[in-house]
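These notes are about the structure you will find just below.
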Amino acid sequence: MGFTTKLTLHKARIKNDGTYPLILRVTYYRKVIRIHLGHCFKESDWDSKNQQVKTTCKVSSNITRLNNLIRKQESYYYDKISALELSGKLATMKQGALKTVLTAEFKEIRDKPTVFEFIDTLIAEKLQLGKKGSALSYRGSKRKLTYVFGNSLISFEQLDYQALKKIEISHIAEGGNYGGLGVYMRTIRAIYNRAIKENLVSADCYPFKHYRIKTIETQRRALSESDFERFKTLDLQFPLVRGRDYFLASFYMRGMNYIDMAYLQVKNIVGDWERIRYQRNKTGKYFSIKISDPLKILLQKFLGDSSMQDSYIFPILNPQMDTEHHYEAINNKRKRLNQKLRKICALHDLEPFTIYAARHTYATMGKRRGVPTAVIQESLGHKTEAITQTYLNSFENKVVDQYDALIMG
């Protein structure tokens with residue numbers, strides 16, 4: 047046999063995270079080529095003697111499967127080189143020609159994007175379609191995967207059942223809830239389904255066959271009318287008063303989502319302060335909201351002297367900020383806003399709530415005042431009344447008690 051192969055780390059190509067690319071070094075007739083296999087590992091995670099990933103490596107939740115994948119890649123190249131040698135072509139081939147032949151033919155593994163590369167493609171696609179909310183959601187799931195696995199070269203085959211359980215355990219251990227976890231998991235599921243459709247991974251590897259996203263009924267927080275009226279008239283100083291302004295602005299805009307508020311611009315105000323017209327980031331649906339007097343006062347308060355059409359109404363995003371930083375900026379500003387709201391509640395004996403309660407309060411107040419669910423559904427932009435119902439508080443106990451008394455005589 048006129049050639050040998052060896053799996054090794056390419057020590058001359060250290061990456062910023064301290065890892066090295068895994069290569070297959072092919073030596074043939076006193077010539078050498080290196081083929082990158084699409085994986086990176088730290089030196090401490092690589093067993094050079096046995097040419098495999100150590101079981102203590104944290105890159106994947108299933109090291110056996112990862113090592114099997116690497117062996118599959120090695121075997122593919124080995125078989126191709128053996129065929130070239132049997133045909134008598136290998137001895138006279140130059141390094142560049144051999145590498146080109148091998149890498150050009152290795153489609154099913156080598157040419158497939160990693161999970162993160164594919165997510166980046168989908169993010170770019172969403173932004174091109176104007177779906178900023180979806181792009182932010184995809185970017186958030188990518189950050190979650192990075193936090194848990196710390197490896198940008200994770201493949202879809204590695205994103206298995208054990209990997210999903212690892213994400214769940216990490217999220218809950220960090221103090222997260224199943225509602226937030228569900229957001230990440232549904233996005234990851236959508237990404238995986240798209241990858242299957244594009245033949246980037248076999249449907250046999252689909253991890254959601256066995257992993258079930260927990261659906262726990264969310265306890266919606268809506269302010270009572272008395273608490274809402276008291277909240278509006280509280281004597282607050284800056285910066286707490288700004289927190290209330292955000293909440294009330296959201297309420298007067300039909301419980302507008304915080305992400306949509308972040309992207310709202312002067313050009314979304316049409317006529318002489320008559321309406322706000324915008325496209326919701328999450329669904330792409332267009333809305334037209336009449337500007338009430340209280341809302342006009344709030345919007346003018348936030349805008350000040352700014353009149354540029356591309357200016358953001360609310361100081362959540364910086365116009366000079368790159369889109370890739372929007373997710374972190376919106377999350378950080380929302381956290382600080384919720385801190386202000388919780389502080390208001392603590393100082394004034396109110397049950398704690400977040401900015402999202404503005405949406406629930408708008409919906410529930412409509413229900414209490416006899417607004418048909420179908421109308422509330424249209425206002426919130428829900429696809430079905432069933433979704434709207436999850437936003438509406440159950441009837442107060444005293445109402446049920448009155449009906450009980452009527453029934454029981």
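If you want this note's numbering, it's the position in the sequence shown, counting the first as 1, plus 46. In this text, a Cβ means the ideal position worked out from N, Cα and C, and glycines have one as well. All values reported here derive from a predicted model rather than from experimental measurement.
Span of the alpha helix (DSSP H) holding residue i?
i	result
L310	It is not in any alpha helix (DSSP H) - L310 carries neither H nor E in the DSSP assignment.
C86	C86 -> not in any alpha helix (DSSP H); beta strand (DSSP E) instead, spanning 77 to 87.
K52	Premise fails: K52 lies in the beta strand (DSSP E), 49 to 55, not in any alpha helix (DSSP H).
Y193	178 to 195
Y298	286 to 298
R59	Element bounds for R59: n/a, residue is neither H nor E.
I343	339 to 349
R276	271 to 279
Do residue j and residue i have their beta-carbon atoms positioned less than 7 Å apart in this structure?
i	j	result
D356	N327	no
R59	R71	no
L83	Q119	yes
S183	T233	yes
Y324	L383	no
H456	Y207	Any question about residue 456 goes unanswered here, given that the chain covers just 47 to 455.
Q98	N114	no
P253	L191	no
V161	F202	yes
I362	L310	no
L280	H394	yes
G48	E131	yes
H73	T50	Inspection of the sequence shows that residue 73 is occupied by Thr rather than by His. Closer than 7 Å, so yes.
I259	M299	no
I335	I322	yes
K177	G330	yes
G64	K100	no
So the beta strand (DSSP E) residue i belongs to, where does it begin and stop?
i	result
V247	From DSSP, V247 is part of no beta strand (DSSP E); its letter is neither H nor E.
I335	332 to 336
M69	Just to set this straight, residue 69 is Ile in the shown sequence, not Met. Where I69 is concerned, the enclosing beta strand (DSSP E) stretches over 66 to 74.
Y257	From DSSP, Y257 is part of no beta strand (DSSP E); its letter is neither H nor E.
I362	Careful: I362 lies outside any beta strand (DSSP E) and carries neither H nor E.
Y207	Looking at the DSSP string, Y207 is not in any beta strand (DSSP E); the run it does join, the alpha helix (DSSP H), is 207 to 219.
Q325	321 to 325
For residue i, is the classification buried or exposed, using 16 other Cβ atoms within 10 angstroms of its Cβ as the cut-off for buried?
i	result
E214	buried
S296	buried
M411	buried
A137	exposed
E154	Low confidence applies to E154: its pLDDT is 49, below 50, so where it sits in the model is not reliable, and the reading given next is rough at best. Exposed.
Y75	exposed
R405	buried
Q204	buried
L175	exposed
N443	Confidence is the limiting factor: at N443 the pLDDT is only 45, short of 50, which leaves the residue's position unreliable and the question unanswerable from this model.
H371	exposed
V194	buried
F8	Here the chain has residues from 47 to 455 only, and residue 8 is not among them.
T407	buried
A475	What the structure shows of the chain is the stretch from 47 to 455, and residue 475 is not part of that stretch, so it cannot be assessed.
S180	buried
A308	buried
M139	buried
F284	exposed
Here's a check: name, in chain order, each residue in its chain whose Cβ is nearer than 6 Å to the Cβ of residue i, leaving out the five neighbours to either side.
i	result
W319	I337, K342
Y332	Q325
Y304	R380, I401
L168	Y184
K52	R71
W92	L55
For residue i, which residues from the same chain have a beta carbon less than 8 Å from its beta carbon, with the 5 sequence-adjacent residues on both sides left out?
i	result
H56	Y66, P67, L68, I69, R80, H82
T261	G228
G226	H217
Y238	F202, L205, V247, Y252, P253, F254
Y373	L182, R185, G186, R189
Taking 6 Å as the line, does the beta carbon of residue i fall inside it for any heavy atom of the ligand COA?
i	result
L53	The ligand COA is absent from the structure shown, which contains no ligands of any kind.
Leaving out the 5 sequence neighbours to the left and right, which residues in its chain are closer than 7 Å to residue i when beta-carbon positions are compared?
i	result
L387	G289, F293, F399, T400, I401
M302	S296
A403	R267, A268, L269
N62	none
A241	F164, F202, V247
K389	L286
E397	C391
L144	I79
Consider the Cβ of residue i: report whether some Cβ of chain C lies at a distance smaller than 7 Å.
i	result
V247	The structure shown contains no chain C; it holds only a single protein chain.
Open item on the list: Threshold first: 4 residues or longer. Then list the alpha helix (DSSP H) segments lying entirely within the stretch 112 to 162, N to C.
Closed with: 141 to 151
- [ ] Kindly provide the ranges of any alpha helix (DSSP H) runs that are 4 or more residues long and lie completely inside the stretch 364 to 417, ordered along the chain.
- [x] Inside the stretch 364 to 417, DSSP marks whole alpha helix (DSSP H) runs of 4 or more residues at positions 372 to 393, 403 to 414, from first to last along the chain.
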